[in-house]
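Undergrad: One structure coming up, written as structure tokens, with questions to follow.
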Amino acid sequence: MRLQVSGPLSHILPMIFTRRSAFLCVASLASVFIIGGAASFTPLERYYFQRQAEQNNVPLRLAAESLRAALDRYAPLPALIAERPSLTQLLSRPDDGALVAQVNEDLRQTASVVRASDVFLMDITGKTLAAASYLGPESNLDRNFSYKTYFAQALRGDLSSFQVYGTTTGEQGYFYAAPVEDGDRIVGVLAIRFNITAFESVWRGADSEFAVFDSNDFILMSSRPDWHFRAMRPLSDATRQVIAQNLQYPIDRIDLLPITTRSLSESAQYLSIEGDRRESFVMSSLKLPDRNWTIASLSPTTPATLNALRTLLIAGLTILLILVGLLAYLLRQARHLEKLSQQEKAKRALEVAVADRTAELRQALADLEQTQTELVQAGKLAGLGQMSAALSHELNQPLAAVKTYSDNARAFLRRENIKEADENLGRISKMVDRMASISAHLRNFARRPQQAIGAVQLDAVVQDALGVVDVRLNSEGGRVVYNLADSDVYVIGGHVRLQQVIVNLINNALDAMAGQNDPVVELSVSGTSLRVRDTGAGLDPEISNQIFDPFFTTKAPGKGLGLGLSISYNIVSDFGGTLTVTNHQDGGAIFCVMLLPATSEHMAAQ
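Written out as structure tokens, the structure reads:
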């Protein structure tokens, strides 16, 4: 859509709405969008953090169920093993060496079957009387575990108790314990221990990190060994004292994991860990209420941050395209307003320009007519040169059109029809430019100028040529029948020189039909071939081979110099084409111009 203005606004708007103002407008909008994009990054990143936390919930639930199922699988074993009679017998006869050996071996085979790392029997004082590990260097035989929480719980009659432990073997272990009863009396405690490091090994192969921590945010298990026995928040002195008394964890290794957290939702947090290198995670957590534990999945924040940056980049590119389009529109409007201003100035100077241009054209026409008269009188033997004669010949018809258009312009000015006068002056200007180009071509005819050629639309050239001969057709009578097979045909040539060839051929056809009523010139274009046919007398076979020679003419003296066809022949040859002539079987002559089709390289250059 173009902005239309008139009156005083046509002077004011170009000063306000300029290209500079268009650039400033778009630059201001771009600044606003950049600031807005920077401000929206944090909430956008938070949104992707929350989505990542939701995606973590599936593997988190699977890990929690797997851990719970594995731990629960061992829960009933201590009570079942504690029902064996051999255990109560050993508790009643602890000094029976044969019975001790039998129970030790029995417990070793049991541990092997259930894949436990140890199964051991303690009396009510906490002393170990028999153990599956009796043959190993880390045997629990003769050790006292009365200080252990699981022992105290089992001694009170609880079916099972558990605790994480890692001080004796250096490995993380999980304990279940059950009382050994003789009748209604508790005479000992049976404990079973199994390693839980297998879970950590499985977790290390996952895309996320996993960790299990207790109610004090003390890390019990983790896929990262450097997180073991570290607290996610400072432990109270009372908690540290309980841990030290029970030898539950290696107290000398307990330290604070340097983290900062930010809540994302009820079950998700952003977690940053400072260390040798800063790491950031999205942490999703799930409570294990039966054990008062929490299992967490920690996935790196890099994917979420990249998604946020990618979203901003796509939005930024979209906005950039919109701004570029807006800038192009504003610049087009600015150019349009500038053009309106220039047209307004041209309109005010139109009357002066018409008078000056008309005087110049009259003088130019008089000069050219005088030159033509002198060349005709001198003739071929005067030796004034092929180029000067060609100039007069080639400019005769355009000058007639110039005179007609200038007369029309004056008539329109007297009627105050500025628009029509302006259009006639525009045609005069084109004719003058064309005459200047023709003059240049004819000056250089003798030395065959190498003017640059390219792709030209054949139909457009024909239309321009018809516009030139239209003046003669209107004044002398006659018409041109134009048959076009395809308007979108491009050939190799020069627009002005190819136009001159067509004008020369049409004029030659009209000359051949002089004296006929309503002469008709047939002009047809098929592919890259152009044919001009007249209904005149045709060509004498004896002179057909001379028709394109310079200065050869069959017209009466003073009616032509014999240069038109010669010049046309050379122009077509410059384009790489051919110009031939034959007689039609029904009478008259046919001039055929064969041109080269334009290639893709010529079209690209065009």
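Each residue of the sequence shown is one higher than the one before, starting from 52 at the first, in this note's numbering. No residue lacks a Cβ here, since even glycine has one placed at the ideal position from N, Cα and C.
Near S323, what residues of its chain come up, given a Cβ to Cβ distance below 6 Å and the 5 sequence neighbours on each side ignored?
TA: Closer than 6 Å at the Cβ level, and outside the excluded window around S323, lie T311 and S331.
Undergrad: Count the other C-beta atoms from every protein chain shown that fall within 10 angstroms of the C-beta of R584, then say buried if there are 16 or more, exposed otherwise.
TA: Buried, since its Cβ has 16 or more Cβ neighbours within 10 Å.
Undergrad: Where does the unbroken alpha helix (DSSP H) through T200 begin, and where does it stop?
TA: Run containing T200: T200 to L206, per the alpha helix (DSSP H) assignment.
Undergrad: Does the Cβ of N596 have 16 or more other Cβ atoms within 10 Å, making it buried, or fewer, making it exposed?
TA: Its Cβ having fewer than 16 others within 10 Å, N596 is exposed.
Undergrad: Is the beta carbon of L476 closer than 8 Å to that of R408?
TA: Their beta carbons are under 8 Å apart, which means R408 touches L476 by this criterion.
Undergrad: Counting along the chain, where does the alpha helix (DSSP H) carrying W254 start and finish?
TA: T248 to W254 is the span of the alpha helix (DSSP H), which, as asked, contains W254.
Undergrad: Need the endpoints of the alpha helix (DSSP H) that R582 sits in, please.
TA: Premise fails: R582 lies in the beta strand (DSSP E), S580 to R584, not in any alpha helix (DSSP H).
Undergrad: Consult DSSP for E156 and reduce its assignment to one of helix, strand or coil.
TA: Residue state, collapsed to three classes: helix.
Undergrad: When you compare only the Cα positions, how much space is there between R313 and Q320?
TA: Distance between the alpha carbons of R313 and Q320: 6 Å.
Undergrad: Thinking C-alpha only, which one of E251, D258, A126 and A289 is nearest M272?
TA: Nearest of E251, D258, A126 and A289 to M272, Cα basis: E251.
Undergrad: Which residues bound the beta strand (DSSP E) around M334?
TA: E330 to L339 is the span of the beta strand (DSSP E), which, as asked, contains M334.
Undergrad: What does the Cβ neighbour count give for M654, buried or exposed, with the cut at 16 atoms within 10 Å?
TA: The residue in question, M654, is exposed, as its Cβ has fewer than 16 Cβ neighbours within 10 Å.
Undergrad: Please classify Q423 as buried or exposed, where buried requires at least 16 neighbouring CB atoms within 10 angstroms.
TA: With a pLDDT of 39 at Q423, under the threshold of 50, the modelled position of that residue is not reliable, and the figure given next carries that caveat. It is buried - the Cβ of Q423 has at least 16 other Cβ atoms within 10 Å.
Undergrad: In three-state DSSP terms, what is R281?
TA: Here R281 sits in strand by DSSP.
Undergrad: Taking all protein chains shown into account, do 16 or more other C-beta atoms lie within 10 angstroms of the C-beta of T179, making it buried, or fewer, making it exposed?
TA: That one is buried.
Undergrad: Applying the criterion that 16 or more other CB atoms from any shown protein chain within 10 Å of the CB defines a buried residue, is D288 buried or exposed?
TA: Label assigned to D288: exposed.
Undergrad: Residues in its own chain within less than 6 Å of P500 by CB, not counting five upstream and five downstream?
TA: Any reading at P500 needs caution, since the residue's pLDDT is 44, under 50, leaving its predicted position unreliable; the model's value is listed next. Excluding residues within five positions, none has a Cβ falling inside 6 Å.
Undergrad: Use the C-beta contact count for L118: other C-beta atoms within 10 angstroms, 16 or more gives buried, fewer gives exposed.
TA: It is buried - the Cβ of L118 has at least 16 other Cβ atoms within 10 Å.
Undergrad: Just to confirm my understanding: we take L535, look at its own chain, exclude 5 residues before and 5 after, and list those with CB closer than 7 Å. What are they?
TA: Taken in chain order, the residues that qualify are D510 and V576.
Undergrad: Determine the DSSP secondary structure at S577, reduced to helix, strand or coil.
TA: Reduced to three states, the DSSP call for S577 is strand.
Undergrad: Would you decide whether A152 is buried or exposed? Buried here means 16 or more other CB atoms lie within 10 Å of its CB.
TA: Classification of A152: exposed, given that the 10 Å Cβ count is below 16.
Undergrad: From P354, N555 and A588, pick the residue whose C-alpha is nearest to that of Q567; which is it?
TA: Of the listed residues, the one whose Cα sits closest to Q567 is A588.
Undergrad: Decide if the region 192–205 is in contact with the region 227–244; the criterion is three or more beta carbon pairs, one per stretch, under 8 Å apart.
TA: Result yes; three or more Cβ-Cβ pairs closer than 8 Å.
Undergrad: Our contact map puts F92 next to L363 with C-beta atoms below 8 Å; I'd like the distance itself, whole angstroms only.
TA: Right, the Cβ-Cβ distance comes to about 6 Å (below 8 Å), so this counts as a contact.
Undergrad: For A433, which residues of its own chain have a beta-carbon under 7 Å away from its beta-carbon, when the five flanking residues on both sides are left out?
TA: For A433, the predicted model reports a pLDDT of 35, less than 50, meaning its position is unreliable; a value from the coordinates is still stated below. Cβ neighbours of A433 beyond the five flanking positions: none.
Undergrad: Please report the residue range of the beta strand (DSSP E) in which T604 lies.
TA: Segment: none, T604 is in no beta strand (DSSP E) and carries neither H nor E.
Undergrad: Across the region 384–394 and the region 451–469, are there enough close Cβ pairs to call them in contact, namely three or more that are closer than 8 Å?
TA: Cβ pair count under 8 Å is below three, so no.
Undergrad: Let me know the secondary structure DSSP gives M272 once reduced to three states.
TA: Correct three-state label for M272: strand.
Undergrad: Just verifying my parser: in three-state terms, what is the DSSP assignment at T290?
TA: The answer is helix: DSSP assigns T290 an H, G or I state.
Undergrad: Considering only residues of the same chain and omitting the five flanking positions on each side of V713, which have a CB-CB separation below 7 Å?
TA: It is not possible to answer for residue 713, since the shown part of the chain is limited to 52 through 657.
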